[in-house]
Amino acid sequence: MIPGQFEYVRPAGLHDALRILSEREGDAKVLSGGYSLLPLIKLRLAQPGLLVDIRDVDGLDEIIETDDSLRIGGRATHRSILENTTVRAGYPLLTDAAGGIGDPQVRNWGTIGGSCAHADPSSDWPAVLLATRATLVCRSSTAERTIAAGDFFIDTFQTAIEPTELLTEVRIPRWAAGSGGAYAKLERRAGDFSTVGCAAMVTIGSDGRIVDAGIGLTAVADTPFASAGARTALIGGQPSDATFRAAGAAAAAESSPASDGHGPVDYKRAMVDEMTVRALRSAVQRALGQ
Numbered sequence: 014m015i016p017g018q019f020e021y022v023r024p025a026g027l028h029d030a031l032r033i034l035s036e037r038e039g040d041a042k043v044l045s046g047g048y049s050l051l052p053l054i055k056l057r058l059a060q061p062g063l064l065v066d067i068r069d070v071d072g073l074d075e076i077i078e079t080d081d082s083l084r085i086g087g088r089a090t091h092r093s094i095l096e097n098t099t100v101r102a103g104y105p106l107l108t109d110a111a112g113g114i115g116d117p118q119v120r121n122w123g124t125i126g127g128s129c130a131h132a133d134p135s136s137d138w139p140a141v142l143l144a145t146r147a148t149l150v151c152r153s154s155t156a157e158r159t160i161a162a163g164d165f166f167i168d169t170f171q172t173a174i175e176p177t178e179l180l181t182e183v184r185i186p187r188w189a190a191g192s193g194g195a196y197a198k199l200e201r202r203a204g205d206f207s208t209v210g211c212a213a214m215v216t217i218g219s220d221g222r223i224v225d226a227g228i229g230l231t232a233v234a235d236t237p238f239a240s241a242g243a244r245t246a247l248i249g250g251q252p253s254d255a256t257f258r259a260a261g262a263a264a265a266a267e268s269s270p271a272s273d274g275h276g277p278v279d280y281k282r283a284m285v286d287e288m289t290v291r292a293l294r295s296a297v298q299r300a301l302g303q
């Protein structure tokens with residue numbers, strides 16, 4: 014289809030971009046990589062009066078590790094995250110997720126901020142942010158807010174971002190020593206959206222037991238979610254297949270997938286169980302330095 018008419022601006026800096034969003038509240042959409050928004054505009058599922066292209070806004074594509082977190086600019090591309098040496102060395106969960114997103118063209122242009130703001134219920138980054146208990150930073154022309162990932166993804170294609178705000182940064186906490194993470198994804202073809210996606214983080218204590226954990230799931234509910242039952246099943250347990258299976262069963266029970274061309278409900282729930290177990294096995298191996 015042919016998109017409806019819209020205006021287009023390309024602000025030179027963050028201040029200008031936020032000013033425009035304030036002046037055109039509710040009528041403007043932010044354009045970053047475009048791989049989420051442009052298809053919706055072509056189908057007329059989204060009809061903004063103004064596109065605000067932020068490609069010239071400096072400082073939103075940096076990836077920096079601080080004493081307490083890994084900070085990823087909202088305009089950082091999937092490829093830049095995948096190839097970043099700090100991410101590869103200390104955050105392999107992110108490398109797992111970024112490497113499975115789309116094809117090279119999508120990874121070259123698509124951004125973590127655009128993916129999160131779009132909030133497709135089958136996208137990969139939300140599961141990662143939920144498992145790691147990340148926070149997202151949103152700025153307007155008058156204020157800055159930090160929003161926990163668990164509060165950010167509200168419903169299908171709906172987030173806590175206000176119309177006058179821009180998602181400027183994602184902050185992933187630095188986990189304690191003995192931590193590891195992994196992402197396991199079931200897809201029909203390489204680069205597809207997930208049929209089931211599971212992000213797992215675990216921390217192994219000095220006694221060999223799991224002392225902290227996070228499980229984020231995508232594509233099996235109206236919005237990605239963190240499995241509280243899986244986390245409860247993991248904490249205090251030995252890092253064994255029996256513990257992983259208990260967590261997988263809890264995650265499957267909390268999921269609410271829809272039957273579609275990717276499979277029936279029972280199959281998807283079984284795959285939630287399996288992907289959770291696979292992600293946990295890899296996460297524990299990394300936590301133990303294996």
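Just so we're aligned, residue 14 is where the sequence shown starts under this note's numbering, counting upward by one. By construction, the Cβ of each residue, glycine as well, lies at the ideal position given by its N, Cα and C atoms.
| query | result |
| --- | --- |
| Whole-angstrom C-beta distance between T145 and C211, which should lie under 8 Å | At roughly 13 Å, the Cβ-Cβ gap does not stay under 8 Å, so C211 and T145 are not in contact. |
| Nonlocal neighbours in the same chain, by C-beta distance under 6 Å from A110, ignoring five residues either side | D137, V141 and Y196 |
| Unbroken stretches of the beta strand (DSSP E), 3 residues or longer, contained in the stretch 95–160 | 148–152 |
| Span of the alpha helix (DSSP H), counted from its first residue to its last, around F166 | Premise fails: F166 lies in the beta strand (DSSP E), F166 to D168, not in any alpha helix (DSSP H). |
| Spatial neighbours of I77 in its chain, beta-carbon cut-off 7 Å, leaving aside the 5 residues before and after | R84 |
| Coil, strand or helix - G221 by DSSP | coil |
| T177, DSSP secondary structure in three states | coil |
| Chain-order list of residues whose beta-carbon lies under 8 Å from that of R201 (same chain, five-residue window excluded) | T208 and H275 |
| Cβ-based neighbour list, E178, same chain, cut-off 6 Å, excluding 5 preceding and 5 following | C151 and S153 |
| Which listed residue (L51, V70, G17 and Y104) has its alpha carbon closest to that of A30 | V70 |
| Presumed contact (8 Å Cβ cut-off) between G194 and A296, rounded CB distance | 5 Å |
| CA nearest to the CA of A156, picked from S35, V183 and A271 | S35 |
| Coarse secondary structure for L58, derived from DSSP in three states | coil |
| Proximity of L230 and V183 at Cβ, strictly below 8 Å | no |
| Residues near A265 by beta carbon distance below 8 Å, same chain, minus five either side | R282, A283, V285, D286 and T289 |
| C-beta atoms of M214 and S192 nearer than 8 Å | yes |
| Y21 versus S82 - alpha carbon distance | 35 Å |
| Whole-number beta carbon distance between R294 and F257, since they are thought to touch under 8 Å | 7 Å |
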